[in-house]
Structure formats: structure tokens, C-alpha cells
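Chemist: Here the working numbering is used: the first residue of the sequence shown is 253, the next is one more, and so on. Idealized CB from N, CA, C, for every residue including glycine. Below you'll find the structure I mean.
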Amino acid sequence: MVKKEALATTKKGNKFYYSPLVSEDEVIVSATETLFSHICAKKIGQTLAEMIEQASLTADDYQLIQEVLSKKETVSTIKCNCIPGQCNCKEHQNKTI
């Protein structure tokens with residue numbers, strides 16, 4: 253983590269002390285971007301629903317999610333972004349690599 257510049261290190265005597273160089277919010281954004289870049293765009297809604305189902309949520313969390321969803325515009329279709337052979341959507345059926 254030090255080499256990746258996520259942690260700073262300070263040596264005091266024989267001990268090393270570590271402190272974060274990135275915020276929790278930055279880590280969450282990065283992890284979310286990584287997760288969504290590794291799953292089919294058509295499965296993001298399903299993935300979000302599964303995450304919500306598994307999470308413990310406060311009333312404030314629930315209200316925030318409802319507010320965000322009420323403002324979100326829907327789309328009629330979502331184009332698959334997977335490599336052929338990586339998923340089972342109709343766009344990749346009957347196609348050879």
C-alpha cells in the first residue's frame with residue numbers, strides 16, 4: 253500500500269507508523285468504478301438490488317436511496333458492454349469469437 257501511495261509511513265525508533273493518504277470516499281468511488289467495470293452493464297441494476305438486499309440500512313439510508321431513485325431517469329434499453337463469451341445476453345448468443 254505504501255508503494256501504491258495509499259499509505260504514508262513514519263519511522264519512530266524501531267516502529268513504523270502508517271497513515272492513510274486517500275480518503276474513505278476516494279476508496280469507495282474507486283471500488284465502485286472497479287466493480288461496475290467488471291460486470292455487464294445489463295446486470296448493474298440486479299447487482300445494486302442484491303447489494304441493497306444484503307446490506308443493513310438505517311432509515312436515513314433508505315430515504316437517501318429512495319430520493320436518488322426518484323430523481324433517476326430510466327432508459328428503455330441498456331447495451332451490453334461485455335466481451336463475447338463473457339456473458340449470456342442475447343447480443344452474444346450465436347456469435348463466434
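So, helix, strand or coil for S282, using DSSP?
Modeler: In the structure shown, S282 sits in a helix (DSSP, three-state: H, G or I).
Chemist: Going along the chain, which residues of its own chain have a beta-carbon closer than 8 Å to the beta-carbon of Y269, five neighbours each way excluded?
Modeler: T261, T262, K263
Chemist: Just the Cα atoms here: how many angstroms apart are C332 and Q298?
Modeler: 14 Å
Chemist: Taking the C-alpha atoms as reference points, what is the distance between V320 and K255?
Modeler: Distance between the alpha carbons of V320 and K255: 37 Å.
Chemist: Would you tell me roughly how many angstroms separate the C-alpha atoms of S282 and L259, rounded to the nearest one?
Modeler: Rounded to whole angstroms, the separation of the alpha carbons of L259 and S282 is 16 Å.
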